[in-house]
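A.B. asks:
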Amino acid sequence: MIVESPAKAKTIKGYLGPGYVVEASVGHIRDLPNGAAEVPAKYKGEPWARLGVDVDHDFEPLYVVNSDKKDQVKKLKQLLAESDELFLATDEDREGEAIAWHLQEVLRPKVPVRRMVFNEITKDAIRAAVSNTRELNQRLVDAQETRRILDRLYGYEVSPVLWKKVMPRLSAGRVQSVATRLVVERERERIAFRSAEYWDLTGTFATGGVHGAGDAADPASFTARLSAVDGRRVAQGRDFGPDGLLKGGSGDRAGVLHLDETAARALAAALEGADFTVRSVESKPYRRSPYAPFRTTTLQQEASRKLGFGAKVTMQVAQKLYENGFITYMRTDSTTLSDTAVAAARAQVTQLYGADYLPDRPRTYASKVKNAQEAHEAIRPSGDRFRTPAETGLTGDQFRLYELIWKRTVASQMKDATGQSVTVKVGGRGTDGRDAEFSASGKIITFHGFLKAYVEGADDPGADLDDRERRLPRVDEGDRLAATGMSVDGHATKPPARYTEATLVKELEEREIGRPSTYASIISTILDRGYVFKKGTALVPSFLSFAVVGLLEKHFGRLVDYGFTAKMEDDLDRIAAGEAEAVPWLRRFYFGTDEPGAEGTAAAAAGNGDGDHLGGLKDLVSDLGAIDARGVSSFPVGEGIVLRVGRYGPYVEEPPAAEGESGRRADVPADLPPDELTVEYARELLAKPSGEFELGTDPETGRPIVARDGRYGPYVTEVLPEGTPKTGKNAVKPRTASLLKSMSLDTVTLDDALKLLSLPRVVGTDPESGQEITAQNGRYGPYLKKGTDSRSLQSEEQIFTITLDEALAIYAQPKQRGRAAAKPPLKELGTDPASERPVVVKDGRFGPYVTDGETNATLRRDDDVETITPERAYELLAEKRAKGPAKKTAKKTAAKKTAAKKTAAKKTAAKKTAAKKTTTKKAATRKTAAKKAAPADAE
1 MIVESPAKAK TIKGYLGPGY VVEASVGHIR DLPNGAAEVP AKYKGEPWAR
51 LGVDVDHDFE PLYVVNSDKK DQVKKLKQLL AESDELFLAT DEDREGEAIA
101 WHLQEVLRPK VPVRRMVFNE ITKDAIRAAV SNTRELNQRL VDAQETRRIL
151 DRLYGYEVSP VLWKKVMPRL SAGRVQSVAT RLVVERERER IAFRSAEYWD
201 LTGTFATGGV HGAGDAADPA SFTARLSAVD GRRVAQGRDF GPDGLLKGGS
251 GDRAGVLHLD ETAARALAAA LEGADFTVRS VESKPYRRSP YAPFRTTTLQ
301 QEASRKLGFG AKVTMQVAQK LYENGFITYM RTDSTTLSDT AVAAARAQVT
351 QLYGADYLPD RPRTYASKVK NAQEAHEAIR PSGDRFRTPA ETGLTGDQFR
401 LYELIWKRTV ASQMKDATGQ SVTVKVGGRG TDGRDAEFSA SGKIITFHGF
451 LKAYVEGADD PGADLDDRER RLPRVDEGDR LAATGMSVDG HATKPPARYT
501 EATLVKELEE REIGRPSTYA SIISTILDRG YVFKKGTALV PSFLSFAVVG
551 LLEKHFGRLV DYGFTAKMED DLDRIAAGEA EAVPWLRRFY FGTDEPGAEG
601 TAAAAAGNGD GDHLGGLKDL VSDLGAIDAR GVSSFPVGEG IVLRVGRYGP
651 YVEEPPAAEG ESGRRADVPA DLPPDELTVE YARELLAKPS GEFELGTDPE
701 TGRPIVARDG RYGPYVTEVL PEGTPKTGKN AVKPRTASLL KSMSLDTVTL
751 DDALKLLSLP RVVGTDPESG QEITAQNGRY GPYLKKGTDS RSLQSEEQIF
801 TITLDEALAI YAQPKQRGRA AAKPPLKELG TDPASERPVV VKDGRFGPYV
851 TDGETNATLR RDDDVETITP ERAYELLAEK RAKGPAKKTA KKTAAKKTAA
901 KKTAAKKTAA KKTAAKKTTT KKAATRKTAA KKAAPADAE
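Quick look at the structure:
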């Protein structure tokens, strides 16, 4: 039996007994060649070899066994030779079906082959799957292969355009480019946004006990916000456009009253002492139904909101839970629960909350996902009886995610929450004769129903959750109220919020772009490629992504068109359903057509955006002359300043002040959010010293001394005369020294530079050993050196001031072994909900990091010690735990391999064989089923 991951193999093996051998393929065993080195020699001369797809012969793919899977394939063949039956038990989705097909093609079994599928890894489910096998679904295989070929053509044809016109090593992808465009467009909205100011009033009203004591929980007063003046609604944030102006025009044309501070304060003064009455009380029933059980995207969104997990971390943790038999398959579009699962959930509702919380009939949930993939269940606890989180024995992130899934599943089979919602309107007339109306809303939950078990999070941190009550006092229409307070409130509209991983997943799904099961890898790809970086939980586009998206929009418009990308997904689903054929569809996409028929939408992919020509992708990428490389990487900032994306990062440039002069340039921090690059900030950057400037001449050598801002920070160096050999045995290297922490490029002087270039400084000679003692500045700070004995100094200034006696006194102290005394934490952040340990920020050898005493996670470039929140710290620690222990360096690995070879040479033949088997087994165990072949969108 072949499954994808060693962990899954181990779990299943325990359920089947000695009659079965269960082994892992460790993901895909073969794929299209990844680079020219993997193309077999006999195909290297073919014009299509670079693509790995024979576009001239029905898009026949060229598959090669992955170099890191050859040993595993050999092992599978050996095991198959000793077996009398083969079960292909890969996941029940397109990817899993394709893996099973590739296994059959490569292994070429001579024994009966059975396709075995299951949705959960429990003893009963596995044994049932063994007894109910099926044939390979070739339609699913074809659909996955078409998707793979499409993504290869897209990535391998469009990416080289980015290399030539923007910078090397960039990538384009069918879904990753569209996801990047979404993030860039949101940032463009933020850049174009202009904030608007508006004011209103908040009144506090006392009832005076007009209806007696009432319910003990009812308040004696309440607050209400000004809603209308003289019958005209008061403007709120939703009434303003992104340009900062009222929608529908200004003044009376806008239909709303825009209060400024002066008008609001005048109105508040006029309302002091005014009589107020209740003008209306509107009460209506409140009802809230349970949320559907989790599918892939809703799990990712909720884990982001509640646990601080990124999509990638969520899927990694869910994969472990699935492989170890705790939850059902986690890549699913379905919200359906099996009859067994419904019965298990209803039993736990009765057991934990009582019969009053159980609806008369089981709840069913219809999938809202268009073309939902294969018939899986929703994500739920596995088995016909759900284990409570306490019964699982899980800890850390796995416990937290299991608990989330368990609560959501149980809550989905509980009764609605019910109650009453109330809106009260209060009015009064001020001394200026103006009529003011205030409004307050309340909600009382009389029966919590499913909210007892689970409350969904919100993307907006300021939004009220479903279980939040707001009680209003008991009042009736006509009741007189006393205004005990009237506050004037100023507000400013905010730009649209940047996407988080959760909201980007939601947006992609709502636009029907890509497959939900690939969203985690897509987000991971755009982060890894440098198109997007994180600021807290927000996804911020880099300036590089602006250049890439701008080029694609202008010259490959249809390829990043949201509607077209969604239509391609529909076409791929039609191929999977047998309603369309793959080869004709690929031919139209790649070669194009001048007469598109009913299925000609793919040809429009290569349109140039103006509708003049419906060519193919091949035609479009063959003529790059129309693409202005400098133009696509240039963006006006204002007042003549331009931002350019260069090969070594973004920079701003302004034109020369006069003819014959050169304009100024300055690097832009790579982690600067684009909406923060204003004209003022650009001028600050341009005013700072940058590049290279001369400090003076060394009086001893006569060589110029310059200061530069280098890749690893500012430094000073001497300029060697022209003709000085820089390579070979007679090469001369210039003296160079990094600036001290107390120095900067705009303040460093020639004297400072000469002092730095004089290092290391000879302090003196140890009278006992006769060894010279020097003071130096190193990678980890200032230190003394005597032979091979180094001692740290307390400050950089000591490098130039320490005396021989002081140095000898330091050497007279016993050398501290191991780690230095622990530094006090920089900041305390609370208790990590996963490890239940206190989390602090510390200053480490490579910069600040967060730790709970067990796990350490370095702060990212967009994190700041002063502003980092506990939630962000928990997220960093969760990501670090999910990654597992750090891999050993290549140097150490190489040394161990060498040692292993020497040892192996002394072993007997039998020991060699045993060692080889052990090594193979360990290598396979290190990889997981989640590590399937790189997604096509990553190309």
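Heads up: the sequence shown begins at 1 in the UniProt record's numbering, then just goes up one per residue. Where is the CB? At the ideal position from N, CA and C, for every residue including glycine. Quantities reported herein were computed from a predicted structural model and do not represent experimental measurements.
#1: Are His376 and Tyr322 touching if we call contact CB-CB under 8 Å?
#2: Excluding the 5 residues preceding and the 5 following Glu507 in the sequence, name in chain order all residues of the same chain whose CB lies nearer than 8 Å to its CB.
#3: So does the segment 695-711 actually touch the segment 735-753, counting three or more Cβ pairs closer than 8 Å?
#4: Select from Leu826, Ala834 and Pro833 the residue whose C-alpha is nearest the C-alpha of Pro850.
#5: Output yes or no for whether 8 Å exceeds the beta carbon distance between Lys452 and Tyr365.
#6: Measuring alpha carbon to alpha carbon, tell me which residue in Leu62, Glu46 and His57 is nearest Asn34.
#7: For Asp863, name the three-state secondary structure that DSSP assigns.
#8: Over the uninterrupted alpha helix (DSSP H) stretch that includes Glu261, give me the two end residues.
#9: Within the same chain, show all residues whose beta-carbon is closer than 6 Å to that of Glu60, passing over the 5 residues directly before and after it, in chain order.
#10: For Lys8, which of helix, strand or coil comes out of DSSP?
#11: By how many angstroms is the C-alpha of Ile327 removed from the C-alpha of Pro381?
#12: I need the straight-line Cα distance from Val73 to Ile29, nearest angstrom please.
#13: Assign Phe386 to one of three DSSP states: helix, strand, or coil.
#14: Return yes when the Cβ of Val281 is within less than 8 Å of the Cβ of Val426, no when it is not.
#15: What residue from Ser441, Trp101, Arg434 and Gly430 has the CA that sits closest to Ser421's CA?
#16: Where in the UniProt domain "Toprim" (1-122) do unbroken runs of the alpha helix (DSSP H), each at least 4 residues long, occur, reported from the N-terminal end onward?
#17: Assuming Asp571 is part of the beta strand (DSSP E), what are its boundary residues?
#18: Quick check: the Cα distance between Glu676 and Lys741, rounded to an integer number of angstroms?
#19: If we count the other Cβ atoms within 10 Å of its Cβ and call it buried at 16 or more, is Gln301 buried or exposed?
#20: Which of helix, strand or coil does DSSP assign to Phe533?
#21: Give me whichever residues DSSP pairs with Tyr783 in a beta bridge.
#22: So Ile575 packs on Ala100, CB below 8 Å; how close in whole Å?
#23: What runs of the beta strand (DSSP E), each 3 residues or longer, lie entirely inside the segment 402-471?
#24: By a C-beta neighbour count over all protein chains shown, 10 Å radius and 16 as the cutoff for buried, is Phe533 buried or exposed?
#25: Would you decide whether Val548 is buried or exposed? Buried here means 16 or more other CB atoms lie within 10 Å of its CB.
#26: Which same chain residues end up closer than 6 Å to Ala7 when comparing Cβ atoms and leaving out the 5 residues on each side of it in sequence?
#27: With a threshold of 8 Å on Cβ separation, who are the neighbours of Lys880 within its own chain once the five nearest residues in sequence on each side are excluded?
#28: Tyr648 by DSSP, collapsed to three states: which one?
#29: Using 10 angstroms around the beta-carbon of Gly17, count the other beta-carbons present and answer buried if the total reaches 16, otherwise exposed.
#30: Under the assumption that Thr446 contacts Gly419 (Cβ atoms under 8 Å), give the Cβ distance between them as a whole number of angstroms.
#31: Whole angstroms is fine: what's the gap from Thr869's alpha carbon to Val317's?
#32: What's the gap between the Cα of Tyr198 and the Cα of Ala228?
#33: Check each candidate in Arg233, Gly155, Gly208 and Ala179 and name the one with the smallest Cα separation from Asp561.
#34: Are the CB atoms of Ile149 and Pro674 within a distance shorter than 8 Å?
#35: When you compare the CB positions of Leu259 and Val278, do they come within less than 8 Å of one another, or not?
#36: State the DSSP-derived secondary structure class of Tyr291, mapped to helix, strand or coil.
C.D. replies: Result, derived from the coordinates:
#1: no
#2: Leu182 and Tyr499
#3: yes
#4: The sequence given here has Val at residue 850, not Pro. Here the closest residue by C-alpha is Leu826.
#5: no
#6: Leu62
#7: coil
#8: Glu261 to Leu271
#9: Asp54
#10: helix
#11: 4 Å
#12: 7 Å
#13: coil
#14: no
#15: Ser441
#16: 6-16, 70-81 and 94-107
#17: First-last for Asp571: Tyr562 to Ala576, but that is the alpha helix (DSSP H), not the beta strand (DSSP E).
#18: 27 Å
#19: buried
#20: strand
#21: Gln776 and Ser792
#22: At roughly 19 Å, the Cβ-Cβ gap does not stay under 8 Å, so Ile575 and Ala100 are not in contact.
#23: 417-429 and 435-447
#24: buried
#25: buried
#26: Glu323
#27: Thr855, Asn856 and Ala857
#28: coil
#29: exposed
#30: 5 Å
#31: 23 Å
#32: 14 Å
#33: Ala179
#34: no
#35: no
#36: coil
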